[in-house]
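For the first sequence, the numbering used here puts the final residue at 585, and the numbers step up evenly by one.
C-beta: ideal position from N, C-alpha, C; glycine also.
First up is the structure itself, then whatever we jot down about it.
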Amino acid sequence: MASIAEKLTDITGAAFAALDLPVELGQVRVSDRPDLAQFQCNGAMAASKMAKKNPREIAQAVVEALQSHKEFSKIEIAGPGFINLNITDDYLASHLAQSAGDERLGVEKIAKQETIVLDYGGPNIAKPMHVGHLRSSIIGDSLRRICDFAGYSAIGDVHMGDWGRPMGMILSVLEARGTLGEPVTMDQLEEIYPAAAKACKEDEAQMEKAREATVKLQDGDETYKAAWKQFIDVSVKGMKKNFDALGVHFDLWKGEADVHELIAPMVNKLKTNGFAVESEGALVISVEQEGDKKEMPPLILLKSDGGVMYGTTDLATIVERMEENNPVKIIYVVDQRQSLHFEQVFRAAYKGGIVPENIELTHAGFGTMNGPDGKPFKTRAGGVMRLEDLISMGIEKAQARLAEADLARDMDKGERADIAQKVAIAAIKFADLQNNRIADYVFDIDRMTSFEGKTGPYLLYQAVRIKSLLRKAEGQGFKPGKEFLLRDSDRSLALLLTELPNVFEGALKNYTPHLLCEYAYRLAQEFSSFYAACHILSEEDEALRSSRLALCELTQSQIVLVLGLLGIKIPERM
RNA sequence: GCGCCCGUAGCUCAGUUGGAUAGAGUGUUGGUUUCCGAAACCAAAGGUCGCAGGUUCGAAUCCUGCCGGGCGCACCA
12 MASIAEKLTD ITGAAFAALD LPVELGQVRV SDRPDLAQFQ CNGAMAASKM AKKNPREIAQ
72 AVVEALQSHK EFSKIEIAGP GFINLNITDD YLASHLAQSA GDERLGVEKI AKQETIVLDY
132 GGPNIAKPMH VGHLRSSIIG DSLRRICDFA GYSAIGDVHM GDWGRPMGMI LSVLEARGTL
192 GEPVTMDQLE EIYPAAAKAC KEDEAQMEKA REATVKLQDG DETYKAAWKQ FIDVSVKGMK
252 KNFDALGVHF DLWKGEADVH ELIAPMVNKL KTNGFAVESE GALVISVEQE GDKKEMPPLI
312 LLKSDGGVMY GTTDLATIVE RMEENNPVKI IYVVDQRQSL HFEQVFRAAY KGGIVPENIE
372 LTHAGFGTMN GPDGKPFKTR AGGVMRLEDL ISMGIEKAQA RLAEADLARD MDKGERADIA
432 QKVAIAAIKF ADLQNNRIAD YVFDIDRMTS FEGKTGPYLL YQAVRIKSLL RKAEGQGFKP
492 GKEFLLRDSD RSLALLLTEL PNVFEGALKN YTPHLLCEYA YRLAQEFSSF YAACHILSEE
552 DEALRSSRLA LCELTQSQIV LVLGLLGIKI PERM
């Protein structure tokens, strides 16, 4: 089912078409002047340009065509040619009843279930996960949930950095220490990796050994491979702990190494097709296009030493995904700084015939995380902050807040821990997701674990309050009704509840979860005002009471749905 | 040097793709609880939308030029 704005758009669109004007001009949206009207259509002003007529005359003609539609309670022309529209309470009420009765709450499903692969998380082997992985993980996970709800078969792939030079560096250092082949722990790995990176940077001979080790590993050397396999296992365990705590899900635990076998055939094919050429000792594929404003460096497939670059593995990963998943879209949730790289890879993929033109490859990039000083985020000690430290800080603060509240007294330890966990994750996720994906953003630990104002916990609080209210109502034998009765104090919440399908569509189309954050917050806020203004359980008019309970229930369902799409879980109480 | 992104209230951010009086949170000030959960609600103050031009009925939004910040430009990932 469509949203109210869409239904009204159909009506006004037809009115424009009847005047031989483009249907698109009939676009109706929620008014940005709620004091004047509920909905507005601006098409008459755009039409006046093409028809060379007075916009108010056009608006007048459209308005006359709309008169026969009984959905409207008020149709007015304002200013230069705005068409202001109000709908009848009957119409609003019946629309609400429909969406309340719909298990998808009015959000339409795509016609055909197609596959989307989402690439996010991207943790590296042997390195602890830090706050930099947070954005990719939670934005990616949210986008996966959004695509899934839209009706796609959405596949999330963690795509670990488990290949290439860093692996060679670790192996060469282990060898130098004489401990290659012995089991290592995560703590040891975390010590070895930076030590190895430092040694290679300072010592050219060590770097040369690292290069050799990289090539040998990639050529399938048994000893190296066994050691490598072992530290993959150890690292993955550590990653899973973090992802589980965050509630970030992956369908595939693939890494760069998984496509190694596909590289040689892919490269050969690109060679025989004439796309891959030699340049300065390396094998490259040129990705320049006509109309390029900037220099576009070629994508390097093979380095002059025969080694593989990450662009090559990315390309081979596309080969694999096309074969195994046959997706219509592949979405990369990776730092915006990689945009040139993805431009190169995508162009190479299309040019080399690895993906057909009608398959969408998108880099859904996100901004750099800065500290409150505007510079790339560092802890006070100057290091990176570990993800697990951030999570435990959030949980501690949630526990402290819970201890303050009287309500926590009667809860057992297990429930209290569960609530603290959910509150902390809601705080962290919402603080991040509410920012526009593309812009750099300031990572402020206090803001991220704050529980007041526009925060995740505020949303949980409203949801929990509704739950509690509905429980109480049930205890008194009151049930949410099937019909809506709209008084002045109910109407703005009711109108807001009809916007969900449009908001969802925007978030899906632009890969922007922050639109859902914005909506969830408006909903919670609108509900809170409504809740303060009307006392529901003591309402004596039964029809009004059950209508209001129905509004509560629908609000509740929408908050659950939207927070679910953001990857935020709601406790029973808090 | 070339290119990409950003610049909106003291601070952190929205702004539905060109619409009416630019909105939230936070912080500041004041108010609200014999009543469904005060992690709340109501209200006030706070703006040359970086600057200057241009396009038009109409610009935070589109175009041009500056200023300021961030990032990226072939053998790292």
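Beta-carbon proximity check, residue i vs residue j, cutoff 9 Å
{"i": "Val226", "j": "Leu398", "result": "no"}
{"i": "Leu401", "j": "Ile439", "result": "yes"}
{"i": "Arg332", "j": "Val128", "result": "yes"}
{"i": "Ala57", "j": "Lys64", "result": "no"}
{"i": "Met396", "j": "Asp451", "result": "no"}
{"i": "Glu354", "j": "Met307", "result": "yes"}
{"i": "Leu444", "j": "Leu577", "result": "yes"}
{"i": "Leu182", "j": "Ala221", "result": "yes"}
{"i": "Arg458", "j": "His525", "result": "no"}
{"i": "Phe242", "j": "Val169", "result": "no"}
{"i": "Pro468", "j": "Leu560", "result": "no"}
{"i": "Lys580", "j": "Leu572", "result": "no"}
{"i": "Glu583", "j": "Val434", "result": "no"}
{"i": "Ala161", "j": "Ile136", "result": "no"}
{"i": "Ile430", "j": "Ala409", "result": "yes"}
{"i": "Trp264", "j": "Val245", "result": "no"}
{"i": "Gly394", "j": "Phe286", "result": "no"}
{"i": "Met218", "j": "Lys209", "result": "no"}
{"i": "Glu485", "j": "Val41", "result": "no"}
{"i": "Thr460", "j": "Met404", "result": "yes"}
{"i": "Ser558", "j": "Glu494", "result": "yes"}
{"i": "Pro139", "j": "Gly249", "result": "yes"}
{"i": "Ile436", "j": "Leu257", "result": "yes"}
Where the alpha helix (DSSP H) through residue i begins and ends
{"i": "Leu560", "result": "553-576"}
{"i": "Phe353", "result": "350-362"}
{"i": "Ser503", "result": "499-508"}
{"i": "His170", "result": "Per DSSP, His170 belongs to no alpha helix (DSSP H) and is neither H nor E."}
{"i": "Ile136", "result": "Unbroken run through Ile136: none, as it is neither H nor E."}
{"i": "Asp198", "result": "197-213"}
{"i": "Leu77", "result": "66-77"}
{"i": "Glu426", "result": "424-444"}
{"i": "Leu47", "result": "Segment: none, Leu47 is in no alpha helix (DSSP H) and carries neither H nor E."}
{"i": "Leu129", "result": "Counting along the chain, Leu129 falls outside any alpha helix (DSSP H), though it belongs to the beta strand (DSSP E) covering 126-130."}
Coil, strand or helix - residue i by DSSP
{"i": "His546", "result": "coil"}
{"i": "Arg391", "result": "coil"}
{"i": "Val121", "result": "In the sequence under discussion, the amino acid at residue 121 is Ile, which differs from the Val named in the question. Three-state DSSP puts Ile121 in coil, outside helix and strand."}
{"i": "Gly258", "result": "coil"}
{"i": "Leu32", "result": "coil"}
{"i": "Asp346", "result": "strand"}
{"i": "Thr234", "result": "helix"}
{"i": "Leu310", "result": "strand"}
{"i": "Ser42", "result": "coil"}
{"i": "Met380", "result": "strand"}
{"i": "Ser479", "result": "helix"}
{"i": "Ala224", "result": "helix"}
{"i": "Leu413", "result": "helix"}
{"i": "Val366", "result": "coil"}
{"i": "Tyr532", "result": "helix"}
Opening and closing residue of the beta strand (DSSP E) in which residue i lies
{"i": "Ala108", "result": "Taken as a continuous stretch (DSSP letters only), Ala108 belongs to no beta strand (DSSP E), being part of the alpha helix (DSSP H) at 100-112."}
{"i": "Ala293", "result": "293-296"}
{"i": "His374", "result": "371-374"}
Cutoff 6 Å; reference residue i; Cβ partners in own chain excluding five residues on either side
{"i": "Cys158", "result": "Ile127, Ala165"}
{"i": "Thr99", "result": "Ser84"}
{"i": "Val118", "result": "Pro512, Phe515"}
{"i": "Val278", "result": "Leu312"}
{"i": "Tyr522", "result": "Leu154, Ala375"}
Nearest-angstrom Cβ-Cβ length linking residue i and residue j, presumed shorter than 8 Å
{"i": "Gly172", "j": "Gly133", "result": "6 Å"}
{"i": "Val344", "j": "Leu154", "result": "7 Å"}
{"i": "Val39", "j": "Leu103", "result": "Val39 to Leu103, Cβ: 14 Å. No contact."}
{"i": "Ile15", "j": "His106", "result": "6 Å"}
{"i": "Ala70", "j": "Ile88", "result": "5 Å"}
{"i": "Leu504", "j": "Phe538", "result": "6 Å"}
Contact set for residue i: own chain, Cβ-Cβ below 8 Å, skip 5 residues either direction
{"i": "Asp43", "result": "Gln51"}
{"i": "Asn337", "result": "Thr126"}
{"i": "Ala109", "result": "In the sequence on display, residue 109 carries Gln and not Ala. The answer, listed in chain order, is Met12, Gly117."}
{"i": "Ala275", "result": "none"}
{"i": "Ile329", "result": "Ile341, Val356, Ala360, Ile365, Val366, Leu372"}
{"i": "Arg156", "result": "Ala165, Gly575, Leu576, Leu577, Gly578"}
Cutoff 7 Å; reference residue i; Cβ partners in own chain excluding five residues on either side
{"i": "Leu36", "result": "Phe27, Gly54, Ala57, Ala58"}
{"i": "Pro292", "result": "Per the sequence shown, residue 292 should be read as Gly rather than Pro. Counting only Cβ-Cβ distances below 7 Å, and skipping sequence neighbours, we find Ser315."}
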